[in-house]
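First comes the structure, then the notes that go with it.
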Amino acid sequence: MAKSKTKYVSIPSTTILPERDASREPVLKCVNLGITLGGIKAVEDFNFTVGRTEIVGLIGPNGAGKTTVFNLLTKVYQPTTGTILLNGRDTHGMNTMQVNRAGIARTFQNIRLFKNLSVVDNVKAAMNNDMRYNMLSAILRLPNYRREEIAAHRRALKLLSIFDMQDMADVRAGSLPYGAQRRLEIVRALATNPSLLLLDEPAAGMNPSETADLMDNIRKVHEMFQIAIILIEHDMSLVMNICEGICVLNFGHVIAKGTPDEIQSNPAVIEAYLGRRKESA
Amino acid sequence: MTMRRLINLKRVEARRIYLTYGIVILAYIICQTMSSTKFLSSSMRGMLVPICAYMVMAVSLNLVVGISGELSLGHAGFMSVGAFSGVATAILLQKVLPFAPVRLAIAMIVAAIFAAFAGFLIGIPVLRLKGDYLAIVTLAFGEIIKSILNNFYMGVDSGGIHFSMLTDTTRLLKGGRLIIKGPMGISGIQKISTFPAGFILVMIALMIVFNLVNSRSGRAFMAIRDDRIAAESIGLDITKYKMMAFVTSAALAGAAGALFAMNYSTIVANKFDFNTSILILVFVVLGGQGNMLGGIIAAAVLTILPEKLRQFSDYRMLLYAIILIVMMLATNNAEIKNFLTRLNPFKRKEEVE
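Protein chains in written order, with our numbering: chain B, 815 to 1095; chain D, 1134 to 1486.
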């Protein structure tokens, strides 16, 4: 833990990219966000802003606190300090479910699908809050049940077709191949109509060609839905290619922010990943 | 493409639903003809209604255990709430509604409402728990319901309905009738439950559960069962859906309790004890969690079996236990399953996984 002694300078909250137009108003703004887990400050002074329709990468060595940031944003953990503003609204006191309804959807590092449901039902489960029929219409199969179910089914198939998964609609999600499971998680997250999508290591365990496909798919999703995306990823080619801005975390602190080019030549980032030269130590 | 070899869930499930309805209707027709042509022995005829009640119990518990994935060990408690409220309603309506089927229907609806309310009250604390803890607390609540009903007195006279707890302090006027007599339960019940009524209740229970499972609520139940954290992350209200499954299940159990009780002349709270809860759980586990048809068949077989084993007198329960163990082993045996799959021409193509 020699490195933890390093004095980190808190970087002020600014959008990573300069404001281009009015549509770049922030979808997410974290101010001095922090959490203490078991006496350890897992994330501290996290100042971070994501503009509407921005793709931002969140990178850092293992254990830097990247997934913890996602868990804070989705309220799996309640932050001990700081505030999160989502579309200008304070998410204080909200739980995971309410944060999702307010516009954050996520995928998980270790895939969390509804394994015993069919692929299309995984997506339709995520559309649950959009469906307008009650238990009684379901039991009696009233016309509004049929109407809503057909509409949801169509929309689910349409979403699946973005990722070329419409043929697998009636297959059990747990029996899908690994890559398809990862894609299905993204589709499921999109089905909740988010304004901010959090992708936790979407390319983990994928081969280079699958990663390239994934990159295209993320771009496609970004273009089609015009949403902001935060991406945790260890695959640097993916991050550098896709992200407009990058935020680097180490030991729970933001050590650098900037465009991919700036990050690649940032001495603090190189130090975090590769360590310090012997003579300078 | 490899996808074609994976199971098409939609087709498998649709077929299972039609098969379940079909088998229940067929079984009803066969039993009804056998019963009306005096082909069934009187002991078997007397068991038709309890079998229907247990089938509904199996279906309703399957909604909690199989579909929602929560182990409930107090299901007989809801059955007893339904039995007592249903029978009391039937007795109160005896003079107003002389036509028995309507009285039975109203009694079952009232029973379902009371049991649903009990399910809601119990659900508030219980559904905050998870897994083993939830199971143990449901067990405790099952016992609490039994104790309450064992100490509950209710009577009716010209002044209205009177209640009391622990001791009979209802002090009924002349001509009044004490309906629920604490540990003595209810006696002098008119046996208005009929096999057709039982069959209709089984069909209604199946319709409610199947239609609920194939709706947004059912998807939510199963999503929460498969992954609670992911379910929260897509905005599902965990508490609401757990409660919905629990209350629906309790309501069906209440209706089944009313049906069951009105097949006997007396009913006591001790009939619905922990053993009954476990018996219902055995139906569900033996039939396969989430498999309604399996639960129904298990309910029928395990209700008839003790009667059929009566000729072995002292060895009856021993044989019952051995048969139960053998059935559990056989239904979970991969080789036997494979063998049955090979016999089934429909399944051969699809069971590749």
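Every residue gets a Cβ at the ideal spot worked out from N, C-alpha and C, and that includes glycine.
Can you pull the chain D neighbours of residue i, defined as C-beta to C-beta under 7 Å?
| i | result |
| --- | --- |
| Ala1042 (chain B) | Ordered by position in chain D, no residue passes the 7 Å Cβ test against Ala1042 (chain B), which lies about 17 Å from the chain. |
| Asp935 (chain B) | Arg1352 |
| Thr1006 (chain B) | Ile1367 and Gly1368 |
| Arg1002 (chain B) | Ile1367 |
Since residue i contacts residue j with CB under 8 Å, what's their CB separation in whole angstroms?
| i | j | result |
| --- | --- | --- |
| Tyr959 (chain B) | Ala965 (chain B) | In fact, because the Cβ distance is near 11 Å, the residues do not count as touching under 8 Å. |
| Ala1391 (chain D) | Met1180 (chain D) | That belief does not hold up - the Cβ atoms of Ala1391 (chain D) and Met1180 (chain D) are roughly 18 Å apart, past 8 Å. |
| Ala1209 (chain D) | Phe1405 (chain D) | 4 Å |
| Leu900 (chain B) | Gly917 (chain B) | 6 Å |
| Phe928 (chain B) | Asp1360 (chain D) | 6 Å |
| Val857 (chain B) | Gly871 (chain B) | Between Gly871 (chain B) and Val857 (chain B) the Cβ distance is about 17 Å, and since that is not below 8 Å, they are no contact. |
| Gly1089 (chain B) | Asn1080 (chain B) | Contact doesn't hold; Cβ gap of about 15 Å is too wide. |
| Ala983 (chain B) | Leu1010 (chain B) | At roughly 27 Å, the Cβ-Cβ gap does not stay under 8 Å, so Ala983 (chain B) and Leu1010 (chain B) are not in contact. |
| Gly1428 (chain D) | Ala1248 (chain D) | Going by Cβ atoms, the distance from Gly1428 (chain D) to Ala1248 (chain D) rounds to 19 Å, so no, they are not a contact pair. |
| Ala1384 (chain D) | Gly1252 (chain D) | 7 Å |
| Ala1378 (chain D) | Leu1196 (chain D) | 6 Å |
Under 8 Å between the Cβ atoms of residue i and residue j?
| i | j | result |
| --- | --- | --- |
| Lys880 (chain B) | Thr905 (chain B) | no |
| Met1020 (chain B) | Gly993 (chain B) | yes |
| Ala1431 (chain D) | Val1189 (chain D) | no |
| Gly1421 (chain D) | Met911 (chain B) | no |
| Gly1453 (chain D) | Leu1473 (chain D) | Correcting the residue type first, residue 1453 (chain D) is Tyr in the shown sequence and not Gly. Not in contact: Tyr1453 (chain D) and Leu1473 (chain D) (Cβ atoms no closer than 8 Å). |
| Gly1351 (chain D) | Gly1199 (chain D) | no |
| Ile1400 (chain D) | Val1229 (chain D) | no |
| Asn1425 (chain D) | Val1342 (chain D) | The question names Asn, yet the displayed sequence has Met at residue 1425 (chain D). Yes, these two residues count as a Cβ contact at 8 Å. |
| Met979 (chain B) | Arg997 (chain B) | yes |
| Leu1237 (chain D) | Ala1216 (chain D) | no |
| Ile1000 (chain B) | Arg1033 (chain B) | no |
| Glu962 (chain B) | Arg946 (chain B) | yes |
| Ala1463 (chain D) | Ile1455 (chain D) | no |
| Gly1207 (chain D) | Phe1285 (chain D) | no |
| Gly874 (chain B) | Asn1064 (chain B) | yes |
The beta strand (DSSP E) with residue i in it runs from where to where?
| i | result |
| --- | --- |
| His1295 (chain D) | Gly1293 to Met1298 |
| His1067 (chain B) | His1067 to Gly1072 |
| Val870 (chain B) | Ile869 to Ile873 |
| Arg1361 (chain D) | No beta strand (DSSP E) holds Arg1361 (chain D); the alpha helix (DSSP H) holding it covers Arg1361 to Ser1366. |
| Arg1310 (chain D) | Arg1310 to Lys1314 |
| Gly1288 (chain D) | Phe1285 to Asp1290 |
Determine the chain B residues that contact residue i at a beta-carbon separation under 9 Å, and present them in chain order.
| i | result |
| --- | --- |
| Leu1369 (chain D) | Met911, Asn914, Ala939, Ala940, Asn942 and Asn943 |
| Ile1362 (chain D) | Val890, Thr910, Phe922 and Arg926 |
Taking the alpha helix (DSSP H) that residue i falls in, what are its first and last residues?
| i | result |
| --- | --- |
| Ala1394 (chain D) | Ile1371 to Ala1394 |
| Glu1146 (chain D) | Leu1142 to Ser1169 |
| Ala1240 (chain D) | Ala1233 to Val1259 |
| Asp984 (chain B) | Where Asp984 (chain B) is concerned, there is no enclosing alpha helix (DSSP H), given that its DSSP letter is neither H nor E. |
| Gly1331 (chain D) | Phe1328 to Val1346 |
| Val1053 (chain B) | Met1050 to Ile1056 |
| Val864 (chain B) | Val864 (chain B) -> not in any alpha helix (DSSP H); beta strand (DSSP E) instead, spanning Ile854 to Gly865. |
Output, in chain order, the set of chain D residues within a Cβ distance shorter than 9 Å of residue i.
| i | result |
| --- | --- |
| Leu931 (chain B) | Leu1142, Arg1352, Met1355, Ala1356 and Asp1359 |
Cβ closer than 7 Å: which chain B residues qualify as neighbours of residue i?
| i | result |
| --- | --- |
| Ala1463 (chain D) | Within 7 Å Cβ-Cβ: nothing; Ala1463 (chain D) doesn't reach chain B, min ~24 Å. |
| Met1377 (chain D) | Met949 |
Mapping DSSP to helix, strand and coil, what is residue i?
| i | result |
| --- | --- |
| Ile830 (chain B) | For Ile830 (chain B), the predicted model reports a pLDDT of 46, less than 50, meaning its position is unreliable; a value from the coordinates is still stated below. It is coil, neither helix nor strand. |
| Asn846 (chain B) | strand |
| Ile1084 (chain B) | helix |
| Val1401 (chain D) | coil |
| Asn1064 (chain B) | strand |
| Arg1090 (chain B) | coil |
| Asn1471 (chain D) | helix |
| Asp1027 (chain B) | helix |
| Val1229 (chain D) | coil |
| Glu1440 (chain D) | helix |
| Ile918 (chain B) | strand |
| Ala994 (chain B) | helix |
| Thr905 (chain B) | coil |
| Lys938 (chain B) | helix |
| Arg960 (chain B) | helix |
| Ser837 (chain B) | Reliability of the predicted coordinates at Ser837 (chain B) is poor, the pLDDT of 49 falling under 50, and the value obtained from them is presented with this limitation in mind. It is helical. |
| Val1485 (chain D) | Here Val1485 (chain D) scores only 42 on pLDDT, less than 50, and its place in the model should not be relied on; the value that follows carries that caveat. Reduced to three states, the DSSP call for Val1485 (chain D) is coil. |
| His1456 (chain D) | Note on residue identity: the sequence assigns Ile, not His, to residue 1456 (chain D). Reduced to three states, the DSSP call for Ile1456 (chain D) is helix. |
What does residue i reach in chain B if we use C-beta pairs closer than 8 Å?
| i | result |
| --- | --- |
| Ala1388 (chain D) | None at all; the shortest Cβ gap to chain B is about 14 Å. |
| Ile1341 (chain D) | Ile953 |
| Leu1345 (chain D) | Met949, Ala952 and Ile953 |
Which chain D residues sit within Cβ distance under 8 Å of residue i?
| i | result |
| --- | --- |
| Tyr959 (chain B) | Ser1348 |
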